[in-house]
Amino acid sequence: MSRSDRVIKTTIIYFIGNFASKLLGFVLLPLYTAYLTSADYGTVDILMSTLPLIAPIFTMQVTESVFRFLMTDNTDEERKKTITNSLVIFATGVLVFVVLYLPFLYKLNFNYGVLFLAYFLVTYMGIFLQQVLRGLQRTIEYAVTGVISTVVHATLNIFLLVKIGLGGEALLISSIAGSLVITIFMVLRTKVWRYFDLKRLSKIEISRQLKFGIPLIPNQIAWWVIGLLGKYIL
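If you read the sequence shown in the working numbering, its first letter stands for residue 266, the second for the next number, and so on.
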């Protein structure tokens, strides 16, 4: 297969994986308007919209750096070093977020507060592993995760909203479930534990990844401001 053919094939696969989730929101919108109050939908929408604002700060955009460096790794030893150090950065950032977030739980609606925490943890673990798949050039599995997540998300949304009448929490629960299912799928498919070796932990590698990821944080926040600030104003 020529280079151009590979590029076209990869582009199509990524499109399929990403388009499924984008289409879901459009298809389910009538369901949301029929079974959710404006207050419920608005609350969940704000919570989900807030995540892309705060997540880059705590993850240090390691979801981008792990993909960047895996693409240039040529041996399993190099991949072990990249994945091990990126996981340590990711876990540290998540731990800091949890510690800072827990004191605010009692000020929030408890159900939404707990669900938002779970949503953050599971969603970004899923995103991290998707980037690992991309870095390992497992494009088919990457696309499959998008389809699986969409199916789980849609099925649970319909069940929880129509059959159970759960309300706004249904959207968060279905999103969490979709991310959890693909996380388990990706862990089993990539056998990511084989790439985790604390002997490969390196201050130099951590520094390299942070130097790549941290400058991307303002860019990510700027895109959030451009795309979503209107929701807070409204």
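Ideal Cβ positions, reconstructed from N, Cα and C, are used throughout, including at glycine.
Proximal residues to residue i (C-beta, below 6 Å), its chain only, five neighbours per side dropped
i	result
residue 443	414, 417, 418
residue 470	346, 350
Whole-angstrom distance between residue j and residue i, CA atom to CA atom
i	j	result
residue 392	residue 337	20 Å
residue 434	residue 328	27 Å
residue 448	residue 351	17 Å
residue 308	residue 396	29 Å
residue 299	residue 312	20 Å
residue 385	residue 340	32 Å
residue 364	residue 370	11 Å
residue 480	residue 467	21 Å
residue 460	residue 342	8 Å
residue 436	residue 423	10 Å
Residues near residue i by beta carbon distance below 7 Å, same chain, minus five either side
i	result
residue 323	358, 359, 361, 362
Burial state of residue i, where buried means 16 or more other Cβ atoms lie within 10 Å
i	result
residue 368	exposed
residue 487	exposed
residue 411	buried
residue 456	exposed
residue 374	exposed
residue 291	exposed
residue 490	exposed
residue 429	exposed
Sequence-distant residues of the same chain with beta carbon closer than 8 Å to residue i, five excluded per side
i	result
residue 401	335, 344, 455
residue 431	425, 438
Alpha helix (DSSP H) segment containing residue i, residue limits
i	result
residue 444	434 to 455
residue 416	404 to 423
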